[in-house]
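J.:
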Amino acid sequence: MSQLYEGGFSGFNGLHVTAAYKEQVNPRNRGNPFIEALPEREGIESFIDSLTSEPPRSPEFNQLPVEDRLELVQQIRPDFWVPFPSHYDKYRNLYSMIKLGYQSRNPLQAMYNRQFAIGIDNIFKAGVDKDGRNLAGNIHTSQSLVEIAINGFGKSQIYERILNRLFPKVIHHSQYYGRTLPTTQLVWLKVECPYNKSVGTFVKSFYAEVDRALGTAIYDKWGEKPGTIDKQVMRMIQVAAQVNLGVLIIDEIQKIQKAYSGGEENLIDFITQLVNTLGIPTILIGSYKALYLFKDSLANTRRGIPNGFAENISGHMLADSWEWEHFIENLWDQQYTRSYTDLSSKLKEAMYHYSMGIPDFAVKLFMHVQSKAIVHGGPEKITVRQISEVAATSLGLVQPIFLKIRSGDYSAYKELDEVKPDWAPLNGYIKDVSHRISIHGSVAEDHARVLQKKMKDEILKQLTDFAMQFGRPSTLVEAIVNQVYDASEGMGDTSLMYAQIAKLLLEKNELQTKNENVTNRLPKKSKTHLNTSVKSTDDIRYIVAEGHKKGQTSEEALEQKGYIREVDELFNFIS
Numbered sequence: 001m002s003q004l005y006e007g008g009f010s011g012f013n014g015l016h017v018t019a020a021y022k023e024q025v026n027p028r029n030r031g032n033p034f035i036e037a038l039p040e041r042e043g044i045e046s047f048i049d050s051l052t053s054e055p056p057r058s059p060e061f062n063q064l065p066v067e068d069r070l071e072l073v074q075q076i077r078p079d080f081w082v083p084f085p086s087h088y089d090k091y092r093n094l095y096s097m098i099k100l101g102y103q104s105r106n107p108l109q110a111m112y113n114r115q116f117a118i119g120i121d122n123i124f125k126a127g128v129d130k131d132g133r134n135l136a137g138n139i140h141t142s143q144s145l146v147e148i149a150i151n152g153f154g155k156s157q158i159y160e161r162i163l164n165r166l167f168p169k170v171i172h173h174s175q176y177y178g179r180t181l182p183t184t185q186l187v188w189l190k191v192e193c194p195y196n197k198s199v200g201t202f203v204k205s206f207y208a209e210v211d212r213a214l215g216t217a218i219y220d221k222w223g224e225k226p227g228t229i230d231k232q233v234m235r236m237i238q239v240a241a242q243v244n245l246g247v248l249i250i251d252e253i254q255k256i257q258k259a260y261s262g263g264e265e266n267l268i269d270f271i272t273q274l275v276n277t278l279g280i281p282t283i284l285i286g287s288y289k290a291l292y293l294f295k296d297s298l299a300n301t302r303r304g305i306p307n308g309f310a311e312n313i314s315g316h317m318l319a320d321s322w323e324w325e326h327f328i329e330n331l332w333d334q335q336y337t338r339s340y341t342d343l344s345s346k347l348k349e350a351m352y353h354y355s356m357g358i359p360d361f362a363v364k365l366f367m368h369v370q371s372k373a374i375v376h377g378g379p380e381k382i383t384v385r386q387i388s389e390v391a392a393t394s395l396g397l398v399q400p401i402f403l404k405i406r407s408g409d410y411s412a413y414k415e416l417d418e419v420k421p422d423w424a425p426l427n428g429y430i431k432d433v434s435h436r437i438s439i440h441g442s443v444a445e446d447h448a449r450v451l452q453k454k455m456k457d458e459i460l461k462q463l464t465d466f467a468m469q470f471g472r473p474s475t476l477v478e479a480i481v482n483q484v485y486d487a488s489e490g491m492g493d494t495s496l497m498y499a500q501i502a503k504l505l506l507e508k509n510e511l512q513t514k515n516e517n518v519t520n521r522l523p524k525k526s527k528t529h530l531n532t533s534v535k536s537t538d539d540i541r542y543i544v545a546e547g548h549k550k551g552q553t554s555e556e557a558l559e560q561k562g563y564i565r566e567v568d569e570l571f572n573f574i575s
């Protein structure tokens, strides 16, 4: 375990430590409290020790009752982790990025305070000149990095594990060699992009994560304050500078879609300004679907190339690679069957064939195969046939995709985003032996689904009342409301249902308008038309249209006007 954990305390969300300054070899890093307070770089051996983890193992576990061993099998996924050489490369790059980012942000230098005097928002708006200087005359040294990997590769977990185990989240400064320095240093922050939401919603998520890390109330102050996307971004920039953010990790970047973010260039330009103007290093993490954010700009592609040697775009492990051998051999040791099955070449080939060397799929497949062997009893040996049978059920949805990839159709990688690999949860195996063991309680999600289904009529009524305000035929409204509700399987966020209904109705309206325009070119009998004069400012169609002009999503526009309520309010109304 790293020496980092010998001091400090686990704070609101992450490790908080008191600044302890260390001598620096690089002259550019000397005399900078933000850099000197960072932990020392780990060597590869200590790095491996810090990141490696396994579920609990003991010979007597293999003789425990069925239900106990099934529980231990479920512990494999959260506990099993083996680092690869490429992970150390990522750590090396991350460590360097943070230090380089702080080189141009030294709290002891006049330049640092000058930026706040000028105004962070003014500096951000002005950008940088041809020499890379911002409005305060500072040339920032920060970098950005893009990590694109196949779904299930563990790209997010790699950075979470490195940051949580090898870096403090927050460093508290009070004095620097006799000089008063009452400041807080937020070393890293990870923000996940909300699904189908705008840059404005991302900014709110940023505030919430800062509050979780520092115990502040920034979201209460700025989160719900109205304003254009530009204003919201400016506020976020101010907060990032004030908390002395070391690196910002933006996860699931593919979720910010063009239609909601004001265009992909809007998002990329925002991130570029964050890096170049304020010197905050940024790491973007996403699946293959995020490639559309960068493919049209050579400059953006260059910004995604790190100075180190970590790869940017990762696919599945190769069957004959050292990584796959190392991974599967360590995973295979995590057996809770009564009889240990040696890893033969045939078993190794089967595991690779049905998981494509994707870590998340391989782990789940191994867990499900073990569970089946344990439940069925007998010698409890793992066979190639069992692997094939379990893959056909538990991972059946991805096998056609894997077939395309094996045939050379690499566009199939993108299809993995639409698939959740956990279709046959281990609860299914427990149900198989319900005649022998007693199952108490149920999964929380199943319980929530049952409760929400009981309220189906009330929810449908609320959704229908909302949809009828669009002035569309009742038959169309009923069809769309049921379509949206059924798609959520009774588990959808009600506010998202409102937004989806509004989106579908507006799309239907646009399609009808186009068809009418075509029809109007042909001779026809005169008809009596409904009065479609100037819409009221309370008309939902007007609200949505005006919101789109401001760069808001349909949901944000309706929420700001009070048409969309929190789901808790709906539950209170029903009860």
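For the sequence shown, the tail end lands on 575 under our numbering, and the numbers increase by one without skipping. Cβ coordinates follow ideal geometry from the N, Cα and C atoms, glycine included. The model shown is predicted, which means the values in this text are computed figures rather than measured ones.
(1) Tell whether a beta-carbon distance below 8 Å holds between residue 191 and residue 167.
(2) Does the beta-carbon of residue 354 have 16 or more other beta-carbons within 10 angstroms, so that it is buried, or is it exposed?
(3) Can you find the residues in the same chain that come closer than 7 Å, C-beta to C-beta, to residue 348, ignoring five residues on each side of it along the sequence?
(4) Name, in chain order, the residues that DSSP records as bridge partners for residue 144.
(5) Going by C-alpha distance, which of 402, 391, 550 is nearest residue 150?
(6) What runs of the alpha helix (DSSP H), each 4 residues or longer, lie entirely inside the stretch 219–258?
(7) If you draw a straight line from the alpha carbon of residue 206 to that of residue 343, how long is it in whole angstroms?
(8) Rounding to the nearest angstrom, what Cα-Cα distance links residue 217 and residue 210 in this structure?
(9) In this structure, does DSSP put residue 176 in helix, strand or coil?
(10) Near residue 415, what residues of its chain come up, given a Cβ to Cβ distance below 6 Å and the 5 sequence neighbours on each side ignored?
(11) Is residue 249 closer than 8 Å to residue 37 when the C-beta atoms are compared?
(12) Using DSSP bridges, identify the partner residues of residue 17.
(13) Exposed or buried, what is residue 409 when buried is set at 16 or more other beta-carbons lying within 10 Å of its beta-carbon?
(14) Have a look at residue 104 and residue 405 and give me their C-alpha separation to the nearest angstrom.
(15) Within this structure, are the beta carbons of residue 552 and residue 200 separated by less than 8 Å?
(16) Using a Cβ distance threshold of 8 Å, determine whether the stretch 78–88 contacts the stretch 382–399, with at least three qualifying pairs required.
(17) So does the stretch 28–44 actually touch the stretch 90–110, counting three or more Cβ pairs closer than 8 Å?
(18) Quick check: the Cα distance between residue 233 and residue 203, rounded to an integer number of angstroms?
(19) Check for me: the alpha helix (DSSP H) holding residue 477 runs from which residue to which?
(20) Using DSSP with H/G/I as helix, E/B as strand and the rest coil, what is residue 321?
(21) Let me know the secondary structure DSSP gives residue 183 once reduced to three states.
(22) Among the candidates 176, 283, 173, whose CA atom is the shortest distance from the CA of residue 163?
(23) Would you decide whether residue 255 is buried or exposed? Buried here means 16 or more other CB atoms lie within 10 Å of its CB.
(24) Can you grab the Cα-Cα spacing for the pair residue 367 / residue 331, in whole Å?
(25) Where in the stretch 29–113 do unbroken runs of the alpha helix (DSSP H), each at least 4 residues long, occur, reported from the N-terminal end onward?
T.: In short:
(1) Cβ distance not < 8 Å, so residue 191 and residue 167 don't count as in contact.
(2) With 16 or more Cβ atoms within 10 Å of its Cβ, residue 354 is classed as buried.
(3) Contacts found: 328.
(4) DSSP lists 282 as the beta-bridge partner residues of residue 144.
(5) Nearest of 402, 391, 550 to residue 150, Cα basis: 402.
(6) DSSP runs (the alpha helix (DSSP H)) wholly in the stretch 219–258: 229–242.
(7) In a straight line, the C-alpha of residue 206 is about 46 Å away from that of residue 343.
(8) Using only the alpha carbons, I get a separation of about 9 Å.
(9) Strand, per DSSP.
(10) Hits under 6 Å: 401.
(11) No.
(12) In the DSSP secondary-structure assignment, residue 17 is bridged to 171.
(13) By the Cβ-count criterion, residue 409 is exposed, with fewer than 16 other Cβ atoms from all chains shown falling within 10 Å of its own Cβ.
(14) About 45 Å.
(15) Yes, they are a contact pair.
(16) No, because fewer than three Cβ pairs between the stretch 78–88 and the stretch 382–399 fall closer than 8 Å, the two stretches do not touch.
(17) Between the stretch 28–44 and the stretch 90–110 there are three or more inter-stretch CB-CB distances shorter than 8 Å, so the stretches are counted as touching.
(18) Approximately 7 Å between the Cα atoms of the pair.
(19) From DSSP, the alpha helix (DSSP H) with residue 477 extends over 474–487.
(20) Residue 321 carries a coil assignment under DSSP once its states are collapsed to helix, strand and coil.
(21) Residue 183: strand per DSSP, three-state reduction.
(22) When only C-alpha atoms are compared, the closest one is 283.
(23) So residue 255 counts as buried.
(24) Their Cα atoms are separated by approximately 10 Å.
(25) Counting only runs of 4 or more, we get 33–36, 44–51, 66–74, 76–79, 85–103.
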